[in-house]
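K.L.:
Here's a structure for you.
2 protein chains.
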Amino acid sequence: MSAEARFLTLLRLLADDPAARGLMDDAAVLDLPASQLVLTSDTMVEGVHYLPTDPPDAVGWKLAAVNLSDLAAKGARPIGCLLNYALSGDDDWDSGFLEGLGEALNRHAMPLLGGDTVKMPTGAPRSVSLTAIGEAAGAVPARGGAQAGDRLYVTGPVGDAGVGLDLARADPAASGPLVDAYRRPRPRLAEGALLAPHVSAMMDISDGLLIDAARMGAASGLAVVIDHIPLSPAVERTRGGSSAVMIAAASAGDDYQLLFAMPAAMRPPVAAIPVGHLRAGGGLTLMIDGAVMPLPARLGWEHG
Amino acid sequence: MSAEARFLTLLRLLADDPAARGLMDDAAVLDLPASQLVLTSDTMVEGVHYLPTDPPDAVGWKLAAVNLSDLAAKGARPIGCLLNYALSGDDDWDSGFLEGLGEALNRHAMPLLGGDTVKMPTGAPRSVSLTAIGEAAGAVPARGGAQAGDRLYVTGPVGDAGVGLDLARADPAASGPLVDAYRRPRPRLAEGALLAPHVSAMMDISDGLLIDAARMGAASGLAVVIDHIPLSPAVERTRGGSSAVMIAAASAGDDYQLLFAMPAAMRPPVAAIPVGHLRAGGGLTLMIDGAVMPLPARLGWEHG
Numbered sequence: 066m067s068a069e070a071r072f073l074t075l076l077r078l079l080a081d082d083p084a085a086r087g088l089m090d091d092a093a094v095l096d097l098p099a100s101q102l103v104l105t106s107d108t109m110v111e112g113v114h115y116l117p118t119d120p121p122d123a124v125g126w127k128l129a130a131v132n133l134s135d136l137a138a139k140g141a142r143p144i145g146c147l148l149n150y151a152l153s154g155d156d157d158w159d160s161g162f163l164e165g166l167g168e169a170l171n172r173h174a175m176p177l178l179g180g181d182t183v184k185m186p187t188g189a190p191r192s193v194s195l196t197a198i199g200e201a202a203g204a205v206p207a208r209g210g211a212q213a214g215d216r217l218y219v220t221g222p223v224g225d226a227g228v229g230l231d232l233a234r235a236d237p238a239a240s241g242p243l244v245d246a247y248r249r250p251r252p253r254l255a256e257g258a259l260l261a262p263h264v265s266a267m268m269d270i271s272d273g274l275l276i277d278a279a280r281m282g283a284a285s286g287l288a289v290v291i292d293h294i295p296l297s298p299a300v301e302r303t304r305g306g307s308s309a310v311m312i313a314a315a316s317a318g319d320d321y322q323l324l325f326a327m328p329a330a331m332r333p334p335v336a337a338i339p340v341g342h343l344r345a346g347g348g349l350t351l352m353i354d355g356a357v358m359p360l361p362a363r364l365g366w367e368h369g
Numbered sequence: 066m067s068a069e070a071r072f073l074t075l076l077r078l079l080a081d082d083p084a085a086r087g088l089m090d091d092a093a094v095l096d097l098p099a100s101q102l103v104l105t106s107d108t109m110v111e112g113v114h115y116l117p118t119d120p121p122d123a124v125g126w127k128l129a130a131v132n133l134s135d136l137a138a139k140g141a142r143p144i145g146c147l148l149n150y151a152l153s154g155d156d157d158w159d160s161g162f163l164e165g166l167g168e169a170l171n172r173h174a175m176p177l178l179g180g181d182t183v184k185m186p187t188g189a190p191r192s193v194s195l196t197a198i199g200e201a202a203g204a205v206p207a208r209g210g211a212q213a214g215d216r217l218y219v220t221g222p223v224g225d226a227g228v229g230l231d232l233a234r235a236d237p238a239a240s241g242p243l244v245d246a247y248r249r250p251r252p253r254l255a256e257g258a259l260l261a262p263h264v265s266a267m268m269d270i271s272d273g274l275l276i277d278a279a280r281m282g283a284a285s286g287l288a289v290v291i292d293h294i295p296l297s298p299a300v301e302r303t304r305g306g307s308s309a310v311m312i313a314a315a316s317a318g319d320d321y322q323l324l325f326a327m328p329a330a331m332r333p334p335v336a337a338i339p340v341g342h343l344r345a346g347g348g349l350t351l352m353i354d355g356a357v358m359p360l361p362a363r364l365g366w367e368h369g
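Taken in sequence, the protein lines are chains Y and U. All letters in the first sequence, in the order written, are residues 66 to 369 by my numbering. All letters in the second sequence, in the order written, are residues 66 to 369 by my numbering.
Written as structure tokens, this is what we have:
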């Protein structure tokens with residue numbers, strides 16, 4: 066069996082949902098009750114969105130996770146996905162990728178429904194895309210719905226993935242929770258579904274707390290104040306808890322925590338950490354220990 | 066404004082459907098009555114799926130058209146699409162691509178709802194993906210539904226695009242109906258919608274009449290006989306009407322005619338040309354002027 070035939074066989078094993086029609090048809094067909102459909106798509110390019118030394122199963126996992134994270138930000142339940150895969154010419158890499166992708170899809174109950182597998186000319190950088198379809202039960206939060214006076218929360222500490230990326234870059238064999246945070250992010254689907262009916266605005270932190278909070282403020286026509294940057298114990302053990310570490314954590318990408326705004330009188334229905342608030346005006350203000358700090362030159366990852 | 070900012074501005078102009086949320090959110094959100102969703106995705110790679118000398122607007126048009134053709138094969142109405150675009154570093158190429166894409170989307174009422182724009186490392190071949198979502202009103206035909214005794218039809222002559230590809234390869238400045246058939250294929254959406262309730266099997270001819278008919282036969286567990294290969298006047302004028310020309314036309318890709326099976330007693334509700342029939346058994350038989358012909362070594366395009 067050729068490498069490509071083997072890849073397609075593995076892919077078909079993964080696409081066992083009846084809507085996928087065994088990947089043998091022109092399209093997937095899905096019966097759906099009246100609903101709100103949530104659609105998102107992400108492309109990951111070798112050397113741009115992940116390190117060439119990252120293990121293939123981590124790249125597969127991450128491609129699923131970043132799309133699932135976009136569904137989480139809408140409170141949506143995954144319905145299915147389509148994979149656009151460029152065969153790399155390296156059979157082990159391709160099957161390792163599918164293994165990690167399949168693990169993430171199974172874990173989060175997102176069936177593979179279709180897509181397209183192509184061959185790239187030899188030597189081209191790998192590029193993989195996934196399009197995810199989700200279903201939202203009720204109100205679908207937007208980035209731009211925040212109100213003046215809303216509190217801002219995150220579903221967990223930020224900066225783990227940023228430190229993990231540094232560690233993986235220095236040593237591709239590095240492991241541990243920070244490297245895992247970078248390579249195998251966890252989409253906050255359960256939290257997103259519980260939060261969606263209550264938040265005034267929500268998004269996932271894919272590019273960094275500062276830049277993503279600034280985007281929420283801009284979309285809502287409001288000023289954003291970040292007055293707390295929560296670090297994990299793992300980051301504090303590795304890097305300490307200085308202002309510089311906090312600012313680096315708040316401008317690093319790949320966290321995939323949810324960032325949401327909620328009226329001050331409400332209590333979040335999930336574990337969440339207050340990080341600031343929104344008020345009339347525009348722009349972003351960063352405070353650490355009560356003091357206004359100069360913003361870093363780079364607020365986050367600009368092309369995530 | 067940077068080239069990337071300009072591209073994103075053009076992209077937002079194209080994504081004017083409210084469901085796209087101005088491409089400013091994590092995901093597109095679509096209100097949908099109970100329906101059957103049809104999902105398809107195609108990737109086109111420079112030098113693999115199109116010629117590096119093809120004009121960018123033709124590549125944009127074609128990416129939309131090949132996905133629309135998959136919807137047509139399901140009798141589906143386009144609902145929207147997501148674009149995964151790798152910026153080429155060539156501003157004129159990128160905006161030319163969007164122009165052709167936008168033209169095809171507008172022509173066929175398929176709104177752009179989202180996607181992802183990334184930068185590829187310099188020198189990488191271009192790769193573009195589109196995921197299309199359609200809605201089917203009633204029964205959704207599959208490849209595998211044909212019955213023994215069914216007649217096989219196509220919605221028009223085959224081979225135009227194959228000759229067009231040869232002409233464009235010989236001279237990138239070539240023009241005319243055959244080059245247009247290759248560069249700007251027309252998805253048969255109206256025909257697909259009219260046919261879907263009546264056919265026992267349907268697919269689009271993307272890889273060649275012979276290989277696609279063989280796939281329909283295999284999926285239906287039947288033998289396929291092709292006893293007529295319809296050529297267009299343009300192909301006959303350019304190449305003549307010999308058996309060799311017919312066989313080349315039936316094994317060339319990119320036609321995007323619909324191929325469908327229907328009981329012999331029924332009359333197709335659209336203009337259609339009979340090309341053969343299905344019967345018990347397996348395999349593909351090719352007849353020209355009543356004589357069985359040896360099959361060509363290559364039945365069609367294997368990785369379209």
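Even glycine gets a Cβ: it sits at the ideal position worked out from N, Cα and C. Here the structure is a predicted model, which is why all the values come from computation and not from measurement.
Could you work out which residue in U/202, U/117, U/254 is closest to residue 162 of chain U when comparing CA atoms only?
P.N.:
As a working note, residue 162 of chain U is residue 97 in the second sequence. Per the Cα distances, U/117.
K.L.:
In the DSSP output, what is residue 327 of chain Y paired with across the bridge?
P.N.:
One-based indexing of the first sequence puts residue 327 of chain Y at position 262. For residue 327 of chain Y, which the question treats as bridged, DSSP gives the partners Y/216.
K.L.:
Tell me residue 94 of chain U's beta-bridge partners as DSSP assigns them.
P.N.:
Locating residue 94 of chain U in the second sequence gives position 29, where the first residue counts as 1. Note: residue 94 of chain U sits in a beta bridge opposite Y/103.
K.L.:
Out of curiosity, what's the CA-to-CA distance linking residue 168 of chain Y and residue 345 of chain Y?
P.N.:
As a working note, residue 168 of chain Y is residue 103 in the first sequence. As a working note, residue 345 of chain Y is residue 280 in the first sequence. Roughly 44 angstroms separates the two Cα atoms.
K.L.:
In chain order, what residues of the stretch 99-123 of chain Y put their CB closer than 9 angstroms to some CB of chain U?
P.N.:
Flagged, chain order: 99, 100, 101, 102, 103, 104, 105, 106, 107, 108, 109, 110, 111, 112, 113, 114.
K.L.:
Can you look up residue 177 of chain Y in the DSSP assignment and give me helix, strand or coil?
P.N.:
What you label residue 177 of chain Y is simply residue 112 of the first sequence in a count that begins at 1. It is a strand residue.
K.L.:
Check each residue of the stretch 175-186 of chain U: if its Cβ is closer than 7 angstroms to any Cβ of chain Y, include it; give the result in chain order.
P.N.:
Going along the stretch 175-186 of chain U in chain order, one finds 178, 179, 180, 181, 183, 184, 185, 186 with a Cβ nearer than 7 angstroms to chain Y.
K.L.:
Taking 8 angstroms as the threshold (beta carbon to beta carbon), is residue 220 of chain Y in contact with chain U?
P.N.:
Locating residue 220 of chain Y in the first sequence gives position 155, counting from the first residue. False, the Cβ-Cβ gap to chain U never drops below 8 angstroms.
K.L.:
Go through its chain and collect everything with a Cβ distance to residue 115 of chain Y's Cβ below 7 angstroms, but skip five positions before and after it.
P.N.:
Within the first sequence, numbered from 1, the residue matching residue 115 of chain Y stands at position 50. Only 109, 124, 127 meet the Cβ criterion.
K.L.:
Within 10 Å of its beta-carbon, does residue 331 of chain U have 16 or more other beta-carbons around it, so buried, or fewer, so exposed?
P.N.:
Taking the first residue of the second sequence as position 1, residue 331 of chain U is located at position 266. Label assigned to residue 331 of chain U: exposed.
K.L.:
Please report the straight-line C-alpha distance between residue 173 of chain Y and residue 140 of chain Y, rounded to a whole angstrom.
P.N.:
Translated into positions along the first sequence, residue 173 of chain Y becomes position 108. Translated into positions along the first sequence, residue 140 of chain Y becomes position 75. Roughly 14 angstroms between the two C-alpha positions.
K.L.:
Please tell me whether residue 95 of chain U has its Cβ less than 8 angstroms away from any Cβ of chain Y.
P.N.:
Counted from its first residue, the second sequence places residue 95 of chain U at position 30. Residue 95 of chain U counts as touching chain Y.
K.L.:
In whole angstroms, what is the alpha-carbon distance linking residue 191 of chain Y and residue 87 of chain U?
P.N.:
If you number the first sequence from 1, residue 191 of chain Y lands on position 126. If you number the second sequence from 1, residue 87 of chain U lands on position 22. Each residue's Cα considered, the two are about 29 angstroms apart.
K.L.:
Would you kindly work out how many angstroms separate the C-alpha atoms of residue 271 of chain Y and residue 129 of chain Y, rounded to a whole number?
P.N.:
Mapped onto the first sequence, residue 271 of chain Y falls at position 206. Mapped onto the first sequence, residue 129 of chain Y falls at position 64. C-alpha separation (whole angstroms): 14 angstroms.
K.L.:
Quick check on residue 143 of chain Y: buried or exposed, where buried means 16 or more other Cβ atoms within 10 Å of its Cβ?
P.N.:
As a first step, residue 143 of chain Y is located in the first sequence; it is residue number 78 there, counting from the start. That one is buried.
K.L.:
Suppose you measure from the CA of residue 373 of chain U to the CA of residue 233 of chain U; what does that come to, to the nearest Å?
P.N.:
With chain U covering only 66 through 369, there is no way to say anything about residue 373 of chain U.
K.L.:
On a CA-only basis, which of U/153, U/150, U/224 is nearest residue 296 of chain U? Give me that one, please.
P.N.:
Along the second sequence, one-based indexing puts residue 296 of chain U at 231. Taking only the C-alpha atoms, the option nearest residue 296 of chain U is U/224.
K.L.:
What does the Cβ neighbour count give for residue 151 of chain Y, buried or exposed, with the cut at 16 atoms within 10 Å?
P.N.:
Along the first sequence, read from residue 1 onward, the residue named residue 151 of chain Y stands at position 86. So residue 151 of chain Y counts as buried.
K.L.:
Cβ of residue 147 of chain U within 8 angstroms of Cβ of residue 196 of chain U?
P.N.:
Residue 147 of chain U sits at position 82 when you count from the first residue of the second sequence. Residue 196 of chain U sits at position 131 when you count from the first residue of the second sequence. Contact: yes.
K.L.:
Kindly confirm or deny that the stretch 315-333 of chain Y and the stretch 246-261 of chain Y touch, where touching means at least three C-beta pairs closer than 8 angstroms.
P.N.:
The stretch 315-333 of chain Y vs the stretch 246-261 of chain Y: in contact.
K.L.:
Report the option in Y/299, Y/328, Y/356 whose CA atom is closest to the CA atom of residue 308 of chain Y.
P.N.:
Within the first sequence, numbered from 1, the residue matching residue 308 of chain Y stands at position 243. Out of Y/299, Y/328, Y/356, Y/356 has the C-alpha closest to the C-alpha of residue 308 of chain Y.
K.L.:
Keeping to the same chain, check which residues put their C-beta closer than 6 angstroms to that of residue 80 of chain U; ignore five residues upstream and five downstream.
P.N.:
Position 15 of the second sequence holds residue 80 of chain U. Hits under 6 angstroms: 88, 177.
K.L.:
Is the beta carbon of residue 216 of chain U closer than 8 angstroms to that of residue 339 of chain U?
P.N.:
Here residue 339 of chain U refers to the residue found at position 274 when the second sequence is read from its first residue. Here residue 216 of chain U refers to the residue found at position 151 when the second sequence is read from its first residue. Cβ atoms of residue 339 of chain U and residue 216 of chain U: closer than 8 angstroms.
K.L.:
In its own chain, which residues sit with a C-beta less than 7 angstroms from the C-beta of residue 204 of chain Y, not counting the 5 before and 5 after it?
P.N.:
Numbered from its first residue, the first sequence carries residue 204 of chain Y at position 139. 261, 262.
K.L.:
Starting from residue 194 of chain Y, follow its DSSP beta bridges and name the residues at the other end.
P.N.:
Translated into the one-based positions of the first sequence, residue 194 of chain Y becomes position 129. Answer is Y/108, Y/149, bridged to residue 194 of chain Y.
K.L.:
Any residues in the stretch 190-216 of chain U with a beta carbon nearer than 8 angstroms to a beta carbon of chain Y? Which ones, in chain order?
P.N.:
Of all residues in the stretch 190-216 of chain U, 190, 192, 194, 196, 198, 199, 201, 205, 207, 208, 209 have a Cβ within less than 8 angstroms of some Cβ in chain Y.
K.L.:
Does residue 82 of chain Y have its Cβ less than 8 angstroms from a Cβ in chain U?
P.N.:
To locate residue 82 of chain Y, count along the first sequence from 1; it is residue 17. No, no contact with chain U.
K.L.:
Any idea what DSSP makes of residue 139 of chain Y, helix, strand or coil?
P.N.:
Reading the first sequence from its first residue, position 74 is the one you call residue 139 of chain Y. Reduced to three states, the DSSP call for residue 139 of chain Y is coil.
K.L.:
Give every residue of the same chain whose Cβ lies closer than 7 angstroms to the Cβ of residue 239 of chain Y, excluding the five residues on either side of it in the sequence, and list them in chain order.
P.N.:
As a position in the first sequence, residue 239 of chain Y is number 174, starting the count at 1. Closer than 7 angstroms at Cβ, skipping near neighbours: 232, 233.
K.L.:
Is there at least one Cβ from chain Y nearer than 8 angstroms to residue 358 of chain U's Cβ?
P.N.:
Stepping through the second sequence from its first residue, residue 358 of chain U is reached at position 293. Not one chain Y Cβ lies under 8 angstroms of residue 358 of chain U.
K.L.:
Going by C-alpha distance, which of U/319, U/229, U/364 is nearest residue 242 of chain U?
P.N.:
If you number the second sequence from 1, residue 242 of chain U lands on position 177. Of the candidates U/319, U/229, U/364, the one whose C-alpha sits nearest the C-alpha of residue 242 of chain U is U/229.
K.L.:
Residues of chain U with CB under 8 angstroms from residue 135 of chain Y, in chain order?
P.N.:
Within the first sequence, the letter at position 70 stands for residue 135 of chain Y. Here the neighbours are 91, 92.
K.L.:
In chain order, what residues of the same chain lie with their CB nearer than 7 angstroms to the CB of residue 154 of chain U, ignoring the 5 residues before and after it?
P.N.:
Numbered from 1 along the second sequence, position 89 holds the residue referred to as residue 154 of chain U. Cβ neighbours of residue 154 of chain U beyond the five flanking positions: 187.
K.L.:
Buried or exposed: residue 359 of chain U, going by 16 or more other Cβ atoms within 10 Å of its Cβ?
P.N.:
What you label residue 359 of chain U is simply residue 294 of the second sequence in a count that begins at 1. The residue is exposed, with fewer than 16 neighbouring Cβ atoms inside 10 Å.
K.L.:
Ordered along the chain, which non-local residues of its own chain (more than five positions away) have a Cβ less than 6 angstroms from that of residue 370 of chain Y?
P.N.:
Since the first residue shown for chain Y is 66 and the last is 369, residue 370 of chain Y is missing from the structure and cannot be characterised.
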